[in-house]
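**Q** Protein sequence lines, in the order shown, are assigned to chains A and B. Counting in the numbering used here, the first sequence runs from 1 upward without gaps. Counting in the numbering used here, the second sequence runs from 193 upward without gaps. In this text, a Cβ means the ideal position worked out from N, Cα and C, and glycines have one as well. In this text the structure is predicted, and so the values were computed from the model without any measurement. Handing you this structure, nothing more for now.
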Amino acid sequence: MDRRTLRIAAVTLLAGVGLWQVGQGAWIYVKARLAQHLLHRAWALTLGGESEAKPWPWADTWPVARLQVPAHGVDLIVLAGVSGRVLAFGPGHAPGSAVPGAPGTAIVTGHRDTHFRFLERVKPGDEIVVEAPGQPRSRFRVRELTVVDSRTAVIRSGEDTVNLVLLTCYPFDAVRPGGPLRYVVTAHASGE
Amino acid sequence: MPGPLDGVRVLDLTTVVMGPFATQILADFGADVVKVEPPEGDIMRQVWPFRSQGMGHIYLNANRNKRGIVLDLKRPEAREACLALAKRADVLVYNIRPQAMARLKLGYEEVKAANPRIIYVGAFGYSQRGPYAAKAAYDQAKQEGKRASLVEQERPNIFTTSIANIPPGATIAVEIEYQQAVRYDAGRFRLRFPMVVGPRYIPGAPAATMSGSGWAPDTDAVPDASRITPPVEHPGRGSINPVSLRIELDPGVPLAGLESPYHKIHITPLSAGRYEITLEQMSVPADRDFELVWQPAAGVAPEAAFLISPQGDEVFALLMVLPPGPTALERLRVPREVVFVLDNSGSMSGASIEQAKAALRLALVRLRPADTFNVVRFNHRTDSLFLGAQPASPQNVQAAERYVGGIRAEGGTEMLPALLRALDGQEQQGRLRQVIFLTDGAVGNEAQLFRAIRERLGSSRLFTIGIGSAPNSHFMREAARLGRGSFTYIGSPAEVQQKMVALFRKLESPALTDVQLELPGAGDAEVLPSPIPDLYLGEPVVVTLRTRLEPSRAVLRGRFGSTPWEHEVSLHRGADGAGLAAHWARAKIAALLDQRRSGAPDEAIRHAVIDVALTHHLVSPYTSLVAVDVTPVRPGDAGLHTHALKTNLPAGWDYDAVFGLGQGVTAGPLHVVLGVCVLLLAVALHVGLRRDVAFALGRRGRHGP
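Next up, the structure:
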């Protein structure tokens with residue numbers, strides 16, 4: 001094989017790998033978008049009284065709340081659980097934390113590059129609206145924006161007050177996943 | 193206007209705020225309060241701001257409605273006057289330390305001699321006979337710059353050591369002596385040495401208080417949560433707390449086996465049948481339990497052992513008798529109803545949940561068609577495979593295997609609802625109901641759970657399987673004892689098969705129940721535990737006793753199912769056992785605390801426990817050990833910093849599943865950036881290639897025909 005063929009093979013291979021990688025990345029975003037459409041359907045079923053309505057037959061999660069941030073045009077369905085498989089499709093409600101809108105602190109985690117990208121633009125005072133089955137629609141006001149080290153931080157669950165914590169990775173533009181820092185948005189019920 | 197305390201006279205020796213504020217409430221309710229002040233007056237008189245000298249606002253605000261008298265209590269005539277006032281008073285209140293009152297010769301006995309009806313009230317820090325009694329001494333030494341240490345019991349398997357006044361850069365050695373009875377089961381002795389307190393899940397609503405320095409706030413369900421949750425080092429930062437071990441083992445008999453299932457060890461035989469055991473590595477991180485297992489050689493396995501330790505005119509003894517082996521027993525013929533309860537909380541994530549699932553699968557295939565079963569799983573929510581127990585048909589067992597296969601470990605550990613679901617009082621006539629609980633026991637509300645087991649057990653039997661590298665042993669043991677079952681541990685995948693087969697043999701053989709021990713000639717013996725618990729296959733009767741007359745034989749009676757059983761052993765005094773008195777005392781304290789759980793008055797139990805603990809120098813829920821070095825090491829003006837030492841996360845645990853804040857990003861950006869880089873490389877190469885080709889063509893052109 002002469003050098004030229006070798007080079008062409010290398011270019012083709014590199015192009016293939018590159019396209020495959022970009023495709024992989026793009027697929028994550030497409031999946032994140034697509035899933036939210038399917039989830040809105042499952043959410044309608046949930047509001048209709050069905051409990052743990054699965055958005056697709058093989059899903060191991062289900063919608064638990066709807067989260068809206070009018071100032072940033074955000075309308076997301078929150079899923080049960082925070083495993084990687086769940087977060088690929090939507091922000092996840094931390095198991096064991098309070099039901100959003102009920103007394104205590106509800107913790108919702110999302111990916112900083114998909115669903116929770118908007119947290120970067122959230123400001124204190126922004127309004128967050130949360131609906132959960134069996135709970136009246138509750139409104140929250142953003143109180144605090146902090147960055148914590150997930151290796152040492154503990155999020156205290158509030159006692160009687162109704163709180164919402166939105167979590168994502170930090171910094172927003174880092175390329176490598178798996179860093180220790182987290183961006184924490186704390187909101188308190190604004191009590192109408 | 194007369195109040196409810198009209199006619200009650202209070203002699204008020206208090207100063208500053210707490211005492212005066214308390215007696216002022218009595219005054220507001222109508223009591224006649226006479227406040228005794230030293231010649232220089234209550235110190236709060238001098239606290240600014242005030243309009244007139246000696247009339248500070250705090251003083252005025254905490255002393256209204258009182259009458260006053262000045263007495264210098266250090267002078268004998270003033271003391272006489274005070275006692276004369278006490279004679280006509282109903283209540284005496286003070287807020288200095290009781291020792292100081294004793295120095296003034298105004299202790300309870302002295303005041304009582306003047307007025308037998310007096311109510312003598314002290315308001316002071318800590319208490320004289322409570323769990324914090326030693327704290328007063330410790331705290332004083334700490335304030336005075338003296339080196340001091342304090343050992344307190346949080347749980348029977350969690351202790352806190354506090355050390356005060358460590359100079360900068362100093363090395364501190366803490367020596368703790370403890371003793372532990374070795375467990376004998378199925379022909380093997382097992383010694384377990386826990387090295388780490390795994391992070392516990394804390395249920396309940398947070399309270400405003402923090403009684404300790406842990407990561408969890410106290411809650412209504414776990415009032416001491418902040419004392420049992422030491423800070424945890426993130427495993428990403430490496431492991432801390434290195435441990436090295438040296439063990440000298442004197443088994444007393446030749447051994448057929450000696451091993452440590454979770455650590456690699458070196459064994460060196462010493463003289464007289466003894467062994468020295470060390471870790472193969474110089475030191476290991478304190479992140480799992482250490483266990484040493486030894487098996488007596490065939491034929492020398494003990495059938496009975498009697499250790500004795502005379503103390504004064506009393507004798508403390510330990511008696512172990514092994515009931516006849518499995519050949520003499522028939523297999524259990526009654527069909528069973530087995531309820532498996534699987535903990536799939538975040539602390540089980542990683543190796544633990546896999547071990548638990550493997551154990552559960554083995555148990556499922558072991559069921560016989562005549563048995564019925566159900567599987568309950570819980571984290572912060574509880575659900576079950578079936579609504580009620582179903583026959584163990586092949587289809588049902590398959591459904592259970594699928595159900596178990598789909599379980600992931602995440603979330604909280606609300607154990608109580610799962611326990612109540614399993615102990616729901618739905619026992620069926622003619623079936624033996626066994627609840628098999630697979631968990632690491634990483635919860636802080638043990639007391640709540642034990643109460644539930646005691647109240648709801650009915651005719652069920654509870655068996656615990658401690659999962660993982662550092663299970664809560666106290667929970668396993670105590671839950672099985674209250675549940676009249678047995679317990680075992682699974683700490684590695686290699687152990688699943690062997691430990692489960694041993695458990696199946698226990699579950700499928702009749703238990704020895706209604707065990708009675710008779711010690712002819714030692715009628716006054718106080719035998720513990722009482723009653724003697726049921727015994728499962730391979731387990732010996734182990735009792736500890738205190739007596740004045742040494743017994744020479746023991747008769748054991750009991751029943752295997754409906755078959756009566758009797759066994760007599762003559763008691764040859766074995767080797768002298770050191771520490772048997774302390775062992776008996778521990779059993780006695782456990783028995784006393786048990787009475788409290790079944791509703792005996794708290795105060796009486798507390799006093800009884802303190803008496804036993806003080807006699808035998810034991811740390812208990814109500815007694816602590818304190819040591820003070822009298823030489824001050826910290827100059828008065830040097831600051832004092834306090835901090836809690838971290839622990840490791842137990843081996844095999846998943847930090848994010850316990851404390852996890854979740855992963856906040858996908859691999860998307862990485863993929864895209866990598867992909868784009870590779871594409872750019874391809875383009876560069878491609879451009880280079882074309883230029884190369886163009887160059888080659890050009891050359892050919894020039895040299896062409």
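In chain B, which residues lie less than 9 Å from A88 (chain A) when you measure between Cβ atoms?
**A** Result: T858.
**Q** Which residues bound the alpha helix (DSSP H) around P290 (chain B)?
**A** First-last of the alpha helix (DSSP H) with P290 (chain B): P290 to R295.
**Q** Go to V285 (chain B), then tell me how far its beta strand (DSSP E) extends in each direction, as first and last residue.
**A** Residues V283 to Y286.
**Q** Decide if S790 (chain B) is buried, meaning its Cβ has at least 16 other Cβ atoms within 10 Å, or exposed.
**A** With fewer than 16 Cβ atoms within 10 Å of its Cβ, S790 (chain B) is classed as exposed.
**Q** Mind pulling the chain A residues with CB within less than 7 Å of V202 (chain B)?
**A** Simply none; closest approach about 38 Å.
**Q** Between B:G597, B:G603 and B:L649, which has its C-alpha nearest E619 (chain B)'s C-alpha?
**A** Considering only alpha carbons, the answer is B:L649.
**Q** So, does the CB of G18 (chain A) fall closer than 8 Å to a CB anywhere in chain B?
**A** Cβ-Cβ to chain B under 8 Å: yes for G18 (chain A).
**Q** Does H895 (chain B) pass the burial test, meaning 16 or more other C-beta atoms within 10 Å, or should it be called exposed?
**A** Its pLDDT being 45, under 50, H895 (chain B) is placed unreliably in this model, and the coordinates cannot settle the point.
**Q** Do three or more CB pairs link the region 836-849 of chain B to the region 418-433 of chain B at distances below 8 Å?
**A** Segments in contact, yes.
**Q** Let me check one thing: in DSSP terms, what residues is P461 (chain B) bridge-paired to?
**A** Its beta-bridge partners are B:Y467.
**Q** DSSP three-state call for A836 (chain B): helix, strand or coil?
**A** A836 (chain B) falls in the coil class under three-state DSSP.
**Q** L877 (chain B) versus chain A: which residues are under 8 Å apart at the beta carbon?
**A** Here the neighbours are R7, A10, V11 and L14.
**Q** Is any beta-carbon of chain A found at less than 8 Å from that of L862 (chain B)?
**A** Closer than 8 Å: yes.
**Q** Is M668 (chain B) buried or exposed, if buried means 16 or more other CB atoms sit within 10 Å of its CB?
**A** Buried: at least 16 other Cβ atoms inside 10 Å.
**Q** For A520 (chain B), does the count of other Cβ atoms within 10 angstroms reach 16, so buried, or fall short, so exposed?
**A** Only weak support exists for where A520 (chain B) lies, its pLDDT of 47 falling under 50; the coordinates are left without a value.
**Q** Could you tell me whether the Cβ atoms of A773 (chain B) and Q473 (chain B) are closer together than 8 Å?
**A** In this structure, Q473 (chain B) does not lie closer than 8 Å to A773 (chain B) by Cβ.
**Q** Can you tell me whether DSSP reads E638 (chain B) as helix, strand or coil?
**A** E638 (chain B) falls in the helix class under three-state DSSP.
**Q** Please report the Cβ distance between V492 (chain B) and P446 (chain B), rounded to the nearest whole angstrom; I am assuming they are in contact, meaning their Cβ atoms lie under 8 Å.
**A** Contact flag correct, Cβ pair sits at about 6 Å.
**Q** Using 10 angstroms around the beta-carbon of R176 (chain A), count the other beta-carbons present and answer buried if the total reaches 16, otherwise exposed.
**A** It is exposed - the Cβ of R176 (chain A) has fewer than 16 other Cβ atoms within 10 Å.
**Q** Where does S585 (chain B) land, buried or exposed, given buried means 16+ other C-beta within 10 angstroms?
**A** Looking at its Cβ environment, which holds fewer than 16 other Cβ atoms inside 10 Å, S585 (chain B) is exposed.
**Q** Check the DSSP bridge columns for W138 (chain A) and list the partner residues they point to.
**A** Per the sequence presented here, residue 138 (chain A) reads as Ser, with Trp not at that position. BP columns for S138 (chain A) point to A:V130.
**Q** So with CB distances below 9 Å, who are the chain B contacts of S51 (chain A)?
**A** The premise fails here: S51 (chain A) is roughly 12 Å from chain B at the closest Cβ pair, so nothing lies under 9 Å.
**Q** Is the beta carbon of D706 (chain B) sitting closer than 8 Å to the one on R751 (chain B)?
**A** Yes. Within cutoff.
**Q** Which chain A residues are close to E602 (chain B), counting only those with a beta carbon under 7 Å from its beta carbon?
**A** What E602 (chain B) touches in chain A: G81, S83 and P95.
**Q** For the beta strand (DSSP E) holding I368 (chain B), just list the boundary residues, first then last.
**A** Premise fails: I368 (chain B) is in no beta strand (DSSP E) and is neither H nor E.
**Q** So, with DSSP's three-state summary, where would you put M607 (chain B)?
**A** DSSP places M607 (chain B) in helix when its eight states are reduced to three.
**Q** Does any C-beta atom of chain B lie closer than 8 Å to the C-beta of V69 (chain A)?
**A** With 8 Å as the cut-off, V69 (chain A) does not count as an interface residue toward chain B.
**Q** Is it a yes or a no for the region 637-645 of chain B touching the region 117-129 of chain A, going by three-plus beta-carbon pairs under 8 Å?
**A** Because the criterion of three Cβ pairs below 8 Å is not met, the region 637-645 of chain B and the region 117-129 of chain A do not touch.
**Q** For R883 (chain B) and T12 (chain A), I'd like the C-alpha separation in whole angstroms.
**A** Approximately 17 Å between the Cα atoms of the pair.
**Q** So, helix, strand or coil for E700 (chain B), using DSSP?
**A** Note: E700 (chain B) maps to coil in three-state DSSP.
**Q** Going by CA-CA distance only, name the one from A:R33, A:V162 and A:G110 that's closest to S138 (chain A).
**A** For the residues A:R33, A:V162 and A:G110, the minimum Cα distance to S138 (chain A) belongs to A:V162.
**Q** Is the shortest distance between the beta-carbon of R883 (chain B) and the beta-carbons of chain A less than 8 Å?
**A** Chain A, which has no Cβ nearer than 8 Å to the Cβ of R883 (chain B), makes this no.
**Q** Kindly provide the ranges of any beta strand (DSSP E) runs that are 3 or more residues long and lie completely inside the region 564-605 of chain B, ordered along the chain.
**A** Those beta strand (DSSP E) runs which fall completely within the region 564-605 of chain B and span 3+ residues are 564-570 and 574-576.
**Q** Does the region 617-634 of chain B come close enough to the region 405-420 of chain B to have 3 or more Cβ pairs within less than 8 Å?
**A** Segments in contact, no.
**Q** Quick one: what's got a C-beta closer than 7 Å to G898 (chain B)'s C-beta in the same chain, skipping five residues either side?
**A** In this structure chain B extends from 193 to 897, so residue 898 (chain B) is not present and cannot be described.
**Q** Who are the near neighbours of K691 (chain B) in its chain, counting only those whose CB is closer than 6 Å to its CB and skipping five residues on each side?
**A** T680 and I682, listed in sequence order.
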